[in-house]
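Asks: Here it is, the structure, as structure tokens.
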Amino acid sequence: MEDMNQPSKYAIETRGLNIFYGDFQAVKDISLQFERNRITAIIGPSGCGKSTVLRAFNRMNDFVPSAHATGEVLYHDQNINHPSVDAVQLRRLIGMVFQKPNPFPKSIYDNIAWGAKMNGFRGNTDDLVEETLRQAALWDEVKDNLKKSALALSGGQQQRLCIARALAVRPEIILMDEPCSALDPIATLKIEDLMRELSQNYTIIIVTHNMQQAARASDYTAFFTMDTDRSGIMVEYNETSLIFTKPKDQRTEDYITGRFG
Amino acid sequence: MENTARITGKRTATAWKKPVSYNLQKKTRPTEAIIQAFLLFCGVVSILTTLGIVLELGKEAWLFFGDPEISVISFLTGTEWQPKIGKFGVLPLLNSTLITSVIAIVVALPLGIATAMFLSEYASPKMRSILKPILEVLAGVPTVVYGYFALTFMTPLLRGIFGSQNVDVYNMASAGLVMGIMILPLISSMSEDALSAVPRSLREAAYGLGATRLETALQVVLPAALSGIIAAFIIGVSRAVGETMIVAIAAGSGPNFTFNPFNAAETMTGYIARISGGDLSYNTPDYNSIFAIGLLLFLVTFGLNILSRAISRRFREVYE
């Protein structure tokens with residue numbers, strides 16, 4: 217935020233990002249810088265475009281036929297909005313964890329191995345699976361059942377498996393789209409601990425409805441809300457501790473104190 | 011009045027059909043019972059119909075096998091079907107049925123799955139809205155039309171390609187290919203349903219890992235839809251095995267034990283259609299033989315159904 221002349225300082229950065237669904241402008245003029253190896257939370261009321269922005273970072277909006285974006289999303293000095301960018305390659309570098317755990321209907325082992333092999337992994341798959349499951353704090357729970365179907369796991373375990381699956385392709389950034397909204401509080405805490413652990417090596421961007429989660433788990437927080445024309449706008453972006461103790465904008469204060477949203 | 015009701019939280023006699031009752035004794039609800047009985051009746055009718063068909067087939071087949079000159083073994087293993095001289099070996103008919111069905115499946119399965127894959131994974135909504143109705147029209151063509159299509163279009167085409175000295179006027183290849191076209195919409199639409207039923211979240215998971223469209227379609231969506239696709243395959247095979255009109259018109263009307271698809275050879279269904287429409291008297295072995303063949307046909311499709319259930323259960327164990 218301080219020094220705009222060093223783009224490589226940031227893991228990813230948006231400049232004047234606008235996203236449209238057909239004629240409707242879903243988000244307006246978002247400029248945000250995400251620090252490397254930090255957890256950045258995007259919070260805000262429903263429909264303010266948090267997930268839309270997150271999905272712009274790995275071009276998942278490509279699958280929504282009416283969606284298009286203007287402005288820049290800079291990653292390694294390239295604007296990934298540009299049509300010449302290979303979205304498949306991009307998604308190998310920027311992984312994603314979704315709102316509802318969505319493991320493949322394959323074994324636990326194959327859930328991890330599939331993405332890695334597809335990405336050209338030629339090493340020892342057993343080691344990769346173990347290492348990745350350990351990283352995702354799931355190894356001890358599943359090590360005796362690696363051949364069992366991933367669908368037999370509990371929701372929290374499934375979500376950690378999805379995180380492990382994303383880690384297995386060795387991404388640089390992990391996008392998390394409300395990863396705990398379908399989980400109970402204990403499973404949620406486990407995921408938050410895991411995020412903290414992972415942030416040593418990965419940049420994590422998390423969209424969450426849950427303000428306590430943002431306060432607990434993130435280093436930076438961006439607060440989004442809806443403009444009068446229902447487009448999402450970014451109101452405030454700062455260190456999490458400052459956002460939650462000394463919000464500069466009245467709208468942020470209203471939201472975090474529960475007066476709105 | 012309304013206000014009072016809201017405040018007291020009680021049902022008022024004017025607005026509610028019955029005042030509140032604390033009698034928790036079981037009541038008889040006649041409409042529920044009638045509907046339940048009706049639904050049961052519908053279920054029983056279809057079961058009884060099936061049973062009736064099997065019994066009738068069995069009874070008539072029993073008459074056929076009751077003939078001292080005919081044994082089940084010689085029926086199942088004989089390679090000659092010449093009722094005039096008392097030779098009732100079903101293999102020529104069975105063989106022809108299998109060859110036409112295999113040709114049909116070889117055409118319909120890859121094309122059907124590829125079409126389904128295109129429709130569910132690649133086609134834009136507009137493309138889909140054009141293609142699906144066309145496929146459905148294909149499914150609505152009467153089989154007799156397909157039969158003449160085989161005879162007047164496919165057969166000349168085959169004769170043109172492979173030489174008329176190699177391809178009979180009536181031949182199994184022509185009937186099989188056209189039968190494949192007939193079951194194509196069935197397989198593609200059932201497969202498309204199965205593929206479309208795979209949750210979007212699974213595709214997103216694959217794309218999110220950097221999978222291409224093809225990798226996602228082949229390695230994630232297809233395996234997840236496999237049990238539905240196997241069901242489509244089995245229903246397609248059953249349709250092909252049981253199809254009558256196309257083979258009766260285009261495959262030939264004389265039993266012939268041959269593995270050359272360009273030869274004429276009558277299928278089981280073709281034979282049944284010819285005999286049952288003919289002038290044979292009842293209770294002759296010739297006539298009764300069609301019931302034995304019908305029973306065998308039934309067993310073949312029944313076996314396929316059992317097989318499909320076993321296969322899909324097997325995969326379900328792996329995938330769920």
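First to last, the sequence lines map onto chains L and A. Using our numbering, you'd call the opening residue of the first sequence number 217 and step up by one each time. Using our numbering, you'd call the opening residue of the second sequence number 11 and step up by one each time. Yeah, the Cβ is synthetic: ideal placement off N, Cα and C, and Gly gets one too.
(1) Which runs of the alpha helix (DSSP H) at least 4 residues long sit entirely within the region 135-191 of chain A? Give them in chain order.
(2) If we ignore side chains and look at the alpha-carbon of each, how far apart do ILE300 of chain A and LEU219 of chain A end up?
(3) When the Cα of GLN428 of chain L is compared with those of L:ASP326, L:ASP465 and L:GLY260, which residue comes out closest?
(4) Does any residue of chain L bring its CB to less than 8 Å from the CB of SER206 of chain A?
(5) Three Cβ pairs or more, each shorter than 8 Å: is that satisfied between the region 266-276 of chain A and the region 226-246 of chain A?
(6) Since TYR471 of chain L and THR441 of chain L should fall inside the 8 Å C-beta cutoff, what is the C-beta to C-beta distance between them, to a whole number of angstroms?
(7) Interface residues of chain A around GLY260 of chain L at Cβ under 9 Å?
(8) Within 8 Å of any Cβ in chain L, is that where the Cβ of GLU42 of chain A sits?
(9) Can you tell me where the alpha helix (DSSP H) with ILE402 of chain L in it begins and where it stops?
(10) Would a C-beta distance cut-off of 8 Å place VAL269 of chain L and VAL243 of chain L closer than the cut-off?
(11) Measuring alpha carbon to alpha carbon, tell me which of L:ILE246, L:PHE240, L:MET312 and L:SER300 ends up nearest ILE421 of chain L.
(12) Measure the alpha-carbon distance for ALA118 of chain A versus ASN340 of chain L and round it to whole angstroms.
(13) From which residue to which residue does the beta strand (DSSP E) around ARG231 of chain L run?
(14) Would you report the Cα separation of PRO319 of chain L and ALA438 of chain L, rounded to the nearest angstrom?
(15) Can you tell me whether DSSP reads ASP342 of chain L as helix, strand or coil?
(16) May I have a chain-ordered list of the alpha helix (DSSP H) segments no shorter than 4 residues that lie completely inside the region 412-450 of chain L?
(17) Using a Cβ distance threshold of 8 Å, determine whether the region 399-413 of chain L contacts the region 318-335 of chain L, with at least three qualifying pairs required.
(18) Could you tell me if THR461 of chain L is buried or exposed, where buried requires 16 or more neighbouring beta carbons within 10 angstroms of its beta carbon?
(19) Which residues of chain A have a Cβ atom closer than 9 Å to the Cβ of PHE314 of chain L, listed in chain order?
(20) DSSP state of VAL208 of chain A, grouped into three classes?
(21) With the cut-off set at 8 Å, would you say LEU67 of chain A and LEU305 of chain A are in Cβ contact?
(22) Can the beta-carbon of PRO295 of chain A be found less than 8 Å from the beta-carbon of ILE80 of chain A?
(23) Hey, out of A:ALA234, A:CYS52, A:PRO143 and A:THR107, whose CA is closest to GLU253 of chain A's CA?
(24) For GLU131 of chain A, count neighbouring C-beta atoms within 10 Å of its own C-beta (all shown protein chains included) and say buried if the count is 16 or more, exposed if not.
(25) Going by CA-CA distance only, name the one from L:THR286, L:HIS292 and L:GLY265 that's closest to GLU229 of chain L.
(26) What are the start and end residues of the alpha helix (DSSP H) that includes SER111 of chain A?
(27) Are ALA261 of chain A and MET164 of chain A touching if we call contact CB-CB under 8 Å?
(28) Give me whichever residues DSSP pairs with VAL289 of chain L in a beta bridge.
(29) Please confirm if GLU225 of chain A has its CB atom under 8 Å from at least one CB of chain L.
(30) By the 8 Å beta-carbon criterion, what residues does the region 230-244 of chain A contribute toward chain L?
(31) Is there a C-beta anywhere in chain L that falls below 8 Å from the one on THR38 of chain A?
(32) Just to confirm before moving on: does the CB-CB distance between ILE328 of chain L and ALA380 of chain L stay below 8 Å?
(33) In whole angstroms, give me the CA-to-CA distance for PHE240 of chain L and LEU362 of chain L.
(34) Would you kindly work out how many angstroms separate the C-alpha atoms of PRO317 of chain L and SER370 of chain L, rounded to a whole number?
(35) With a threshold of 16 other CB atoms inside 10 Å of the CB of ASN274 of chain L, please say whether the residue is buried or exposed.
(36) Mind listing which residues of the region 370-393 of chain L have their C-beta closer than 8 Å to chain A's C-betas, in chain order?
Replies: Taking the coordinates as given:
(1) Listed in chain order, the complete alpha helix (DSSP H) runs (minimum 4 residues) inside the region 135-191 of chain A are 135-150, 153-159 and 165-172.
(2) C-alpha separation (whole angstroms): 58 Å.
(3) Among L:ASP326, L:ASP465 and L:GLY260, the Cα nearest to that of GLN428 of chain L belongs to L:GLY260.
(4) So no, SER206 of chain A is outside the interface.
(5) The region 266-276 of chain A and the region 226-246 of chain A do not touch, with fewer than 3 CB-CB distances between them shorter than 8 Å.
(6) Between the beta-carbon of TYR471 of chain L and that of THR441 of chain L there is about 7 Å, and that keeps the pair under the 8 Å contact cut.
(7) Neighbours of GLY260 of chain L on chain A: none; closest Cβ ~22 Å, over 9 Å.
(8) Cβ-Cβ to chain L under 8 Å: no for GLU42 of chain A.
(9) Per DSSP, ILE402 of chain L belongs to the alpha helix (DSSP H) from 401-414.
(10) A contact, by the Cβ cut-off of 8 Å.
(11) Among L:ILE246, L:PHE240, L:MET312 and L:SER300, the Cα nearest to that of ILE421 of chain L is on L:MET312.
(12) Whole-angstrom Cα-Cα distance: 41 Å.
(13) Note, ARG231 of chain L: beta strand (DSSP E), 226-237.
(14) One Cα belongs to PRO319 of chain L, the other to ALA438 of chain L, and the distance between them is close to 29 Å.
(15) Here ASP342 of chain L sits in helix by DSSP.
(16) Runs of the alpha helix (DSSP H) inside the region 412-450 of chain L: 427-433.
(17) Touching, no.
(18) Label assigned to THR461 of chain L: exposed.
(19) Proximity of chain A to PHE314 of chain L at the Cβ level (cut-off 9 Å) is accounted for by SER211, GLU214, ALA215 and GLY218, in chain order.
(20) Coil.
(21) Yes, they are a contact pair.
(22) Against a cut-off of 8 Å, the Cβ pair of ILE80 of chain A and PRO295 of chain A comes out as a contact.
(23) If we check each option's Cα against that of GLU253 of chain A, A:THR107 comes out closest.
(24) By the neighbour-count rule (16 or more Cβ atoms within 10 Å), GLU131 of chain A is buried.
(25) The residue among L:THR286, L:HIS292 and L:GLY265 with its C-alpha nearest the C-alpha of GLU229 of chain L is L:HIS292.
(26) Segment 101-127, the alpha helix (DSSP H) holding SER111 of chain A.
(27) Judged by beta-carbon spacing, MET164 of chain A lies beyond the 8 Å limit of ALA261 of chain A, meaning their Cβ atoms are not closer than that value.
(28) According to DSSP, residue pairing for VAL289 of chain L in a beta bridge involves L:THR230.
(29) At a cut-off of 8 Å between beta carbons, GLU225 of chain A contacts chain L.
(30) Per Cβ criterion, the list reads VAL230, PRO233 and ALA234.
(31) Chain L contact via Cβ: absent.
(32) Judged by beta-carbon spacing, ALA380 of chain L lies within the 8 Å limit of ILE328 of chain L, meaning their Cβ atoms are closer than that value.
(33) Taking the straight line from one Cα to the other gives about 46 Å.
(34) The alpha-carbon of PRO317 of chain L is positioned some 10 Å away from that of SER370 of chain L.
(35) In the assembly as shown, ASN274 of chain L is a buried residue. Its beta-carbon has 16 or more other beta-carbons within 10 Å.
(36) Hits within the stretch, in order: CYS378, ARG381, ALA382 and VAL385.
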